[in-house]
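To start, the structure under review is shown below, and the notes come after it.
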Amino acid sequence: MSEQNLFEDVKKHLCSCSADLQVTPNLEAIMKMPMRELHVSIPVRMDDGSIRAFAGFRVQYNDALGPTKGGIRFHPDETIDTIRGLAAIMTWKCALHNLPLGGAKGGVICNPKKMSRGEIERLARAYIQAVCHFIGPDRDIPAPDVYTDASMMAWMMDEYSKIVQKTTFGVITGKPVSLGGSEGREDATARGGWFIIREAAKDTGIFLEGARVAIQGFGNVGANAALIGQELFSCTVVAVSDSRGGIYSRIGLDIRALLAYKEKTGSVTDFPGAENITNDELLELEVDILIPAALENVITLDNASRIKARLIAEFANGPVSSDADALLHSRGMPILPDILCNGGGVIVSYFEMVQNFNLDHWDAEEVNQRLEKKMVVAYKAVHDLSFKNNVPMRQAGYTIAVGRVVKAMKSRGWV
Ligand code: GLU
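The sequence shown begins at 42 in our numbering and counts up one residue at a time.
So, in structure tokens, the structure goes:
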């Protein structure tokens, strides 16, 4: 994460649509602050017998549209301002996709890559003990995010259920399918993002078959983005990277072989037949589609002038800083904004909540069809408004999302 402040950037995006929506200064002030936040210190027994205290947060940004929703990150560089920015992004993302949910985010400052599974489990359970009175199935529903996964969601659901003395699937989403999780949740963010790329490709004249794609990040979102891009959309994935570095192949990478290789070695680097490159080099490759799918602020004023992709699809949250965003826009580069492009994760999380409330289980086909429909509807709304008002897609997306939150706040009589 760079020194760039994500929360400040998200507030700037909010301001960009205030005039269009005739948002009063008072109303804007409300939307520039999280409604509630909880800071916790979490003592955890480590494998060597010592006790370590971890700092954790949960930020509920705005709940005008419904209970708040958003992931939990376990990351060594976590900051409260990043979590605030991400919670704000969740608010606009849920609103843009017309979900009856507000936005939230949680995080713990820790490095899960240097912890054992046992230590991670104790931390996950202790986090839930610390925030259990703050969250709940009709209050605030966490999910996976950077460096957290389905098995951790299972521990967290189990811990919450023990505290309230009843199995409560609906308290968290992104659970394993065997334990109240939804089909299709694992690859929902990537799949949803590709539906947006498919629609945008038609509008920008990019032919997807054989299109050259570079993906920064090879975690849940990046790896599924590579697989879906190659297998469902016949793209040529020429480069991917993870935190240790990237790889490039002019003729395209075999993603299934790469997944097996990463499983064995822990990284994509030194993949046979490919050339090692840095994360920075990956971002500057001459490709048709660039997919940042890792952390925030990877494209800033430092490198924006060197980005050569024809289309940027934000599968990560906040990967382009606001000043880089303006520069890329002035160069005529289309950016599919995070609140539109990566909404597939929270959409299928919402489907998971609906299934949990109804003790139901939909098959993968039903989940994916419903996901596709919601992504395409949101794309069309954003695209049409962007065309009509002659503004970037991000500004159009914010205008729709903020407009819905403002309407809900007014209907509730808050303003
Ligand atoms: N962490 C995902 C996001 O940033 C999903 C959140 C959720 O499913 O609640 O959109």
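All residues carry an ideal CB built from backbone N, CA and C; glycine is no exception.
task: Just grab the DSSP bridge partners of residue 281 for me.
output: Here residue 281 is taken as the residue at index 240 of the sequence shown, counted from 1. Under DSSP, residue 281 takes part in a beta bridge, and its partners are 256 and 288.
- prompt: Is residue 42 helix, strand or coil by DSSP?
  reply: If you number the sequence shown from 1, residue 42 lands on position 1. Unreliable placement is indicated for residue 42, whose pLDDT of 40 sits below 50; no coordinate value is reported for it.
task: Please list, in chain order, all residues of the same chain as residue 43 whose beta carbon is under 7 Å from its beta carbon, the five residues on each side excluded.
output: Here residue 43 is taken as the residue at index 2 of the sequence shown, counted from 1. The pLDDT assigned to residue 43 is 45, lower than 50, so where the model puts this residue is not dependable, and the model offers no usable value.
- prompt: DSSP on residue 373, reduced to helix/strand/coil?
  reply: Here the question's residue 373 lines up with position 332 in the sequence shown. Correct three-state label for residue 373: coil.
query: Checking contacts by CB at 8 Å: is residue 189 closer than that to chain D?
result: Structure shown: chain D not included; a single protein chain is present.
- request: Select from 152, 88 and 86 the residue whose C-alpha is nearest the C-alpha of residue 116.
  value: Against the sequence shown, residue 116 aligns to sequence position 75. Each of 152, 88 and 86 was checked against the Cα of residue 116, and the nearest Cα belongs to 152.
- prompt: Heavy atom of the ligand GLU less than 7 Å from the Cβ of residue 432, yes or no?
  reply: Within the sequence shown, the letter at position 391 stands for residue 432. Distance from the C-beta of residue 432 to the nearest heavy atom of the ligand GLU is not below 7 Å.
query: With a cut-off of 8 Å, do at least 3 Cβ pairs link the segment 198-205 to the segment 347-363?
result: Segment contact: the segment 198-205 against the segment 347-363, fewer than three CB-CB distances shorter than 8 Å; contact not assigned.
query: Under the three-state reduction of DSSP, which class applies to residue 362: helix, strand or coil?
result: Indexing the sequence shown from 1 puts residue 362 at position 321. Residue state, collapsed to three classes: coil.
query: Which full runs of the alpha helix (DSSP H) of 4+ residues lie inside the segment 128-182, going along the chain?
result: Listed in chain order, the alpha helix (DSSP H) elements of length 4 or more contained wholly in the segment 128-182 are 158-172.
- prompt: For residue 408, which of helix, strand or coil comes out of DSSP?
  reply: If you number the sequence shown from 1, residue 408 lands on position 367. Note: residue 408 maps to helix in three-state DSSP.
task: Kindly give me the distance between the Cβ atoms of residue 175 and residue 99, rounded to whole angstroms, as I take these residues to be in contact under 8 Å.
output: To locate residue 175, count along the sequence shown from 1; it is residue 134. To locate residue 99, count along the sequence shown from 1; it is residue 58. Contact between residue 175 and residue 99 holds, with the beta-carbon distance rounding to 6 Å and staying under 8 Å.
field: Near the ligand GLU: residue 387 beta-carbon under 7 Å from a heavy atom
entry: Working through the sequence shown from its first residue, we reach residue 387 at position 346. Checking every heavy atom of the ligand GLU against the Cβ of residue 387, one is found closer than 7 Å.
query: DSSP on residue 261, reduced to helix/strand/coil?
result: Taking the first residue of the sequence shown as position 1, residue 261 is located at position 220. Residue 261 falls in the helix class under three-state DSSP.
query: CB of residue 394 to nearest heavy atom of the ligand GLU: below 7 Å?
result: Position 353 of the sequence shown holds residue 394. Relative to the non-hydrogen atoms of the ligand GLU, the Cβ of residue 394 never comes closer than 7 Å to any of them.
Cβ-Cβ separation, residue 357 to residue 258 (assumed contact under 8 Å), whole Å: Reading the sequence shown from its first residue, position 217 is the one you call residue 258. Reading the sequence shown from its first residue, position 316 is the one you call residue 357. Separation of the CB atoms of residue 258 and residue 357 is rounded to 7 Å, and the pair is thereby assigned contact status at 8 Å.
Own chain residues within Cβ distance below 7 Å of residue 76, not counting five before or after: The sequence position of residue 76 within the sequence shown is 35, counting from 1. Excluding residues within five positions, the ones whose Cβ falls inside 7 Å are 101, 102, 103 and 104.
- prompt: Which class does residue 191 belong to by DSSP, given the choice of helix, strand or coil?
  reply: Locating residue 191 in the sequence shown gives position 150, counting from the first residue. In this structure, residue 191 counts as helix in the three-state DSSP scheme.
message: Are the CB atoms of residue 355 and residue 377 within a distance shorter than 8 Å?
response: Walking along the sequence shown from the start, residue 377 turns up at place 336. Walking along the sequence shown from the start, residue 355 turns up at place 314. Yes. Within cutoff.
query: Cβ atoms of residue 318 and residue 267: under 8 Å apart, would you say?
result: The residue given as residue 267 occupies position 226 in the sequence shown. The residue given as residue 318 occupies position 277 in the sequence shown. If you check the CB distance, residue 267 and residue 318 do not come in under 8 Å.
message: Run through the DSSP bridge pairs and tell me what residue 232 is partnered with.
response: Translated into the one-based positions of the sequence shown, residue 232 becomes position 191. Beta-bridge analysis with DSSP links residue 232 to no other residue.
- prompt: Taking the alpha carbon of residue 177 as the point to measure from, which residue in 189, 212, 145 and 165 has its own alpha carbon closest?
  reply: Reading the sequence shown from its first residue, position 136 is the one you call residue 177. Looking only at 189, 212, 145 and 165, the smallest Cα-Cα distance to residue 177 is reached by 212.
message: For the pair the segment 123-138 and the segment 81-95, tell me if three or more CB-CB distances fall below 8 Å.
response: No: fewer than three Cβ pairs fall under 8 Å.
message: With three or more C-beta pairs closer than 8 Å as the rule, is the segment 320-329 touching the segment 297-311?
response: The segment 297-311, when compared against the segment 320-329, does not touch it at the 8 Å Cβ threshold.
- request: Using three-state DSSP, classify residue 442 as helix, strand or coil.
  value: Taking the first residue of the sequence shown as position 1, residue 442 is located at position 401. Correct three-state label for residue 442: helix.
query: Are there 16 or more other CB atoms within 10 angstroms of the CB of residue 291, so buried, or fewer, so exposed?
result: Within the sequence shown, residue 291 is the residue found at index 250, counting from 1. With a 10 Å radius around the Cβ and a threshold of 16 neighbouring Cβ atoms, residue 291 comes out exposed.
- prompt: By the 10 Å Cβ neighbour count, where 16 or more other Cβ atoms means buried, how is residue 74 classified, buried or exposed?
  reply: Against the sequence shown, residue 74 aligns to sequence position 33. Result: exposed.
- request: Taking all protein chains shown into account, decide if residue 138 is buried (16 or more other Cβ within 10 angstroms of its Cβ) or exposed.
  value: Working through the sequence shown from its first residue, we reach residue 138 at position 97. Buried.
Extent of the continuous beta strand (DSSP E) run through residue 458: This structure cannot settle anything about residue 458, because the visible part of the chain is limited to 42 through 456.
- prompt: Given residue 220, which residues of its chain have a CB within under 8 Å of its CB, disregarding the five upstream and five downstream residues?
  reply: For the purposes of this step, residue 220 is taken as the residue at position 179 of the sequence shown. Leaving aside the five residues that flank residue 220 on each side, the residues in its chain whose CB is nearer than 8 Å to its CB run, in chain order, 195, 198 and 210.
- prompt: Taking the continuous beta strand (DSSP E) assigned at residue 101, which residues delimit it?
  reply: Position 60 of the sequence shown holds residue 101. Element bounds for residue 101: 92-103.
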